[in-house]
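Below: one structure, written as structure tokens.
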Amino acid sequence: MTAPTGASTGYRVRRLRRSALWTALPSAGVVALLAYVPYVLERKVTDTLVDFFILLVLATTWNMLAGFAGLVSVGQQAYIGVGAYAVLVLAQQGVNPFAAIPLAALVCAAVSLPVSWLVFRLRGGYFAIGTWVVAEVFALLVIRFESLGGGTGANLPGLDGFDAVLLGAMTYWAALSVAVLTLLGAYLLLRSRTGLALTAVRDNELAARSVGVRVPRAKRMVYLAAAAGAGAAGAVLVITQLNVQPGNVFSVKWSAYMVFVVLIGGVGSLEGPILGAIVFFVLQRALADYGAWYLIVLGAVAVVMAVWVRRGLWGLLERFDVRVFPTGFWLQAPGGDVARPPRDDPPPAPRH
Amino acid sequence: MPVPILLELDRVSKRFGQVVIADDLSLTLEAGSTLGVVGPNGAGKSTLFGMVSGDVAPGSGEVRFAGRSLHRVDAAARCRLGIGRTYQVPRPFVGMTVFENTLVAAQQGGRLHRQAATDRVLDVLSETGLLASANTPAGRLGLLARKRLEVARALATGPKLLLLDEVAGGLTEPEVVELVGIIRAVNARGVAVVWIEHVVRALLSTVDRLICLAGGAVIGDGRPEDVLALPQVRQIYLGSAGSGPGGPEL
Ligand SMILES: Nc1ncnc2c1ncn2[C@@H]1O[C@H](COP(=O)(O)OP(=O)(O)OP(=O)(O)O)[C@@H](O)[C@H]1O
Ligand SMILES: [Mg+2]
Numbered sequence: 001m002t003a004p005t006g007a008s009t010g011y012r013v014r015r016l017r018r019s020a021l022w023t024a025l026p027s028a029g030v031v032a033l034l035a036y037v038p039y040v041l042e043r044k045v046t047d048t049l050v051d052f053f054i055l056l057v058l059a060t061t062w063n064m065l066a067g068f069a070g071l072v073s074v075g076q077q078a079y080i081g082v083g084a085y086a087v088l089v090l091a092q093q094g095v096n097p098f099a100a101i102p103l104a105a106l107v108c109a110a111v112s113l114p115v116s117w118l119v120f121r122l123r124g125g126y127f128a129i130g131t132w133v134v135a136e137v138f139a140l141l142v143i144r145f146e147s148l149g150g151g152t153g154a155n156l157p158g159l160d161g162f163d164a165v166l167l168g169a170m171t172y173w174a175a176l177s178v179a180v181l182t183l184l185g186a187y188l189l190l191r192s193r194t195g196l197a198l199t200a201v202r203d204n205e206l207a208a209r210s211v212g213v214r215v216p217r218a219k220r221m222v223y224l225a226a227a228a229g230a231g232a233a234g235a236v237l238v239i240t241q242l243n244v245q246p247g248n249v250f251s252v253k254w255s256a257y258m259v260f261v262v263l264i265g266g267v268g269s270l271e272g273p274i275l276g277a278i279v280f281f282v283l284q285r286a287l288a289d290y291g292a293w294y295l296i297v298l299g300a301v302a303v304v305m306a307v308w309v310r311r312g313l314w315g316l317l318e319r320f321d322v323r324v325f326p327t328g329f330w331l332q333a334p335g336g337d338v339a340r341p342p343r344d345d346p347p348p349a350p351r352h
Numbered sequence: 353m354p355v356p357i358l359l360e361l362d363r364v365s366k367r368f369g370q371v372v373i374a375d376d377l378s379l380t381l382e383a384g385s386t387l388g389v390v391g392p393n394g395a396g397k398s399t400l401f402g403m404v405s406g407d408v409a410p411g412s413g414e415v416r417f418a419g420r421s422l423h424r425v426d427a428a429a430r431c432r433l434g435i436g437r438t439y440q441v442p443r444p445f446v447g448m449t450v451f452e453n454t455l456v457a458a459q460q461g462g463r464l465h466r467q468a469a470t471d472r473v474l475d476v477l478s479e480t481g482l483l484a485s486a487n488t489p490a491g492r493l494g495l496l497a498r499k500r501l502e503v504a505r506a507l508a509t510g511p512k513l514l515l516l517d518e519v520a521g522g523l524t525e526p527e528v529v530e531l532v533g534i535i536r537a538v539n540a541r542g543v544a545v546v547w548i549e550h551v552v553r554a555l556l557s558t559v560d561r562l563i564c565l566a567g568g569a570v571i572g573d574g575r576p577e578d579v580l581a582l583p584q585v586r587q588i589y590l591g592s593a594g595s596g597p598g599g600p601e602l
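Keeping their order, the protein sequence lines are chains A and B. Residue numbers are given in this note's numbering: position 10 of the first sequence equals residue 10, and the series is strictly consecutive. Each position in the second sequence, counted from 1, maps to that position plus 352 in this note's numbering.
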């Protein structure tokens, strides 16, 4: 349909403005440092970091859901719970709990497919409530099974033989691996063809449909991936606690955490939830002694961010063109950069 | 040899509460042709586009494209069939650059991959004069560039039918001339164009056929000069707002 005008001669498209090493090397360095932590720091520190990694995974996946696909779920605890119980059941069958982590993620993705057919019929607030109801229903179903410990839960078998220090370190590495894989997966997804389409959905869903983006398909894919991530987080959670409590794993508090972290850090970017998880985690530790006050302060911070700083802390930094994980495209003209023209007219005034 | 019918509205009706958008409205458009649409504010012109592009479901009646019913075909699938549209109030992907805005259209609507998608984007951006802004985030564009981006994005999907909703509003005379040139070039490649515009002089230099929409009906259809001379068309403009915002800017 478009006339070949030969415009493309000499133009090159780059994925990064700077060298890819600028992202890859520091990231690899941070991961290597984190992987070394159990050799030098005590168990208390690694256990704390495990909680942080769980939070990071949940926030990253929730951000993909709410920040990109526009699916504001408050029911991801459904998959934390299913992931946790999947590990329990597999361990009861003799599977090593660590090996059960990826299986738990797969189980959650499989379970989330039929659930998506149900909840995707709902819009906006109804979708949010619907996902919560699904989580509650899952909890009610699971406690029917005596073999799973009913309402009180059950201990996780299969890890009794391990030395406590080794177990702590292995749990730490498992949590770190899940966090790194989740971030890497989210990064690769956002850099892909589907990721560009998802970013368009983030910015304007109606316009995305009008340029041919198959929005329901993209949303379903994100929903499945986010369920897998939450399932892996739930699996790690069981291994840290060595038991499953239905009231904990299916608790709506997890959704509250995800919302807090993403609102504070910034919705719709990869960096935002990482920053948010760090800030949230520090706040949580600092305020832990003040009991209920900590929830009130966190809630107030989240409300302030939601109302006044729409794109969170990362949104403030982004104004200075900082990017840790570049996902965009950069067009280079034959003679170097294409010119950045001045604005052709004042910013748009609202019409009609 | 008769020119095939590209778009067909068959007895379409639509109302929002008391507001009648279309009342048993029928319309056909030949492949590769041009059609201008005028009508008073709130006549339902943009909503008519919505019913063609899949954003709005008709109350009754049928829309057909290239002989195929669009009933239950969603907006993305319609785009992939060859219906490209712009929005009256631009809807850029604000967090993405101009290049990325156009690329996603070429990849998704145009179903192009890799270099083919890039080539399409470069062609479209140079044609619409946006090449120099390729790396600018769309959120930083002014209104005029946003309107160009609407056109570029629709073109990148490789449409057989291009729906333009008031893309000339607010443009200066030289800019209108440039835009008219772009649209005529697109049409010369065989893309059918339907253009809603209050700036009638832009329409007159582009379209072969004009319809006037009012009260849910087509009250004039034919050569642009003839339609504008019709008493009922003059009546609506003179009666509603003279040459004010509702009337044609002649
Ligand atoms: N989703 C909707 N729900 C209810 N009313 C609507 C909706 N969309 C449009 N309308 C109403 O339908 C009427 C037609 O709107 P539309 O935008 O199609 O008119 P238009 O001919 O494009 O006008 P303009 O020249 O101002 O762009 C208006 O009165 C508008 O308020
Ligand atoms: Mg309109």
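Glycine included, each C-beta is placed from N, C-alpha and C at the ideal position.
Output yes if chain A places a C-beta closer than 7 angstroms to the C-beta of B:M403; else output no.
-> no
May I ask you to check if the CB of B:K397 is nearer than 6 angstroms to at least one heavy atom of ligand 2?
-> yes
Less than 8 angstroms between the CB atoms is what I'm expecting for B:V551 and B:V528, so what's the real figure, rounded?
-> 7 angstroms
Report the three-state DSSP secondary structure of A:V13 (helix, strand or coil).
-> strand
Compute the minimum distance between the beta carbon of A:Q332 and the heavy atoms of ligand 2, and state whether it is under 6 angstroms.
-> Checking every heavy atom of ligand 2 against the Cβ of A:Q332, none is found closer than 6 angstroms.
Put B:A593 into one of helix, strand or coil per three-state DSSP.
-> With a pLDDT of only 44 at B:A593, under 50, the local geometry of the prediction cannot be trusted, and no value is derived from it.
With a cut-off of 7 angstroms, does the C-beta of A:A218 fall near any C-beta of chain B?
-> no
Counterpart residues of B:R437 in DSSP-defined beta bridges | B:L515
Count the other C-beta atoms from every protein chain shown that fall within 10 angstroms of the C-beta of A:L303, then say buried if there are 16 or more, exposed otherwise.
-> What sits at residue 303 of chain A in the sequence shown is Val, not Leu. The residue is exposed, with fewer than 16 neighbouring Cβ atoms inside 10 Å.
If you check the beta carbons only, do B:Q440 and B:E382 fall under 7 angstroms apart?
-> Annotated as distal: B:Q440 and B:E382, with beta-carbon spacing of 7 angstroms or more.
Give a yes or no on whether the C-beta atoms belonging to B:I357 and B:T386 are separated by under 7 angstroms.
-> Not in contact: B:I357 and B:T386 (Cβ atoms no closer than 7 angstroms).
In the segment 536-568 of chain B, which residue ranges form an unbroken alpha helix (DSSP H) of at least 4 residues, counting only runs that do not cross its ends?
-> Correct list: 552-556.
According to DSSP, residues forming a beta bridge with B:P489 | B:T449
Between A:G10 and B:N453, what straight-line distance do the alpha-carbon atoms span, to the nearest angstrom?
-> Between the alpha carbons of A:G10 and B:N453 lies a distance of about 21 angstroms.
Residues of chain B with a CB under 9 angstroms from the CB of A:T48: which are they?
-> Ordered by position in chain B, no residue passes the 9 angstroms Cβ test against A:T48, which lies about 34 angstroms from the chain.
List in chain order: all unbroken alpha helix (DSSP H) runs of 4+ residues lying wholly within the segment 229-292 of chain A.
-> 246-249, 253-265 and 271-287
Within chain C, the residues that A:R209 reaches when beta carbons sit closer than 8 angstroms | Checking the listed chains, one finds no chain C in this structure; the protein chains it contains are A and B.
Rounded to a whole number of angstroms, what is the C-alpha to C-alpha distance between B:D426 and B:S405?
-> Approximately 8 angstroms, taken between the alpha carbons.
Give me the Cα-Cα distance between B:S557 and B:V532, rounded to the nearest whole angstrom.
-> 7 angstroms
Selection from A:M64, A:L25 and A:A28 that minimises the alpha carbon distance to A:S269 = A:M64
Mind listing the chain A neighbours of B:E452? Cutoff is C-beta to C-beta under 9 angstroms, in chain order.
-> L196, T199, A200, G328 and F329
Locate the beta strand (DSSP E) running through B:A374, then write down its first and last residues.
-> V371 to E382
Quick one: does the C-beta of B:G567 sit closer than 6 angstroms to a heavy atom of ligand 1?
-> Taking 6 angstroms as the cut-off, one finds no heavy atom of ligand 1 near enough to the beta carbon of B:G567.
Can you find a heavy atom of ligand 1 that lies under 6 angstroms from the Cβ of B:V371?
-> yes
Closer than 6 angstroms by C-beta to A:Q245: which residues in its own chain qualify, once you throw out the five before and the five after it? Chain order, please.
-> G153
List the DSSP bridge partners of B:I357.
-> B:E382
Going by CA-CA distance only, name the one from B:A486, B:L482 and B:K366 that's closest to B:L496.
-> B:L482
Does A:N63 have its Cβ less than 7 angstroms from a Cβ in chain B?
-> no
Interface residues of chain A around B:T449 at Cβ under 9 angstroms?
-> G328, F329, W330 and L331
Regarding B:G521 and ligand 1, is the C-beta to nearest heavy atom distance less than 6 angstroms?
-> It does not: the Cβ of B:G521 is nowhere closer than 6 angstroms to a heavy atom of ligand 1.
Rounded separation between B:G567 and B:V579 - CA only | 16 angstroms
When the cut-off is 7 angstroms and only beta carbons count, does B:R505 lie next to chain A?
-> yes
Pair every Cβ in the segment 36-46 of chain A with every Cβ in the segment 202-217 of chain A, then say whether three or more of these pairs are closer than 8 angstroms.
-> no
Starting from B:G461, find everything on chain A with Cβ-Cβ shorter than 7 angstroms and list it in chain order.
-> V211 and G212
Is B:S365 helix, strand or coil by DSSP?
-> strand
Which partner residues of B:V390 appear in the DSSP bridge assignment?
-> The partner list for B:V390 (beta bridge, DSSP) reads B:C564.
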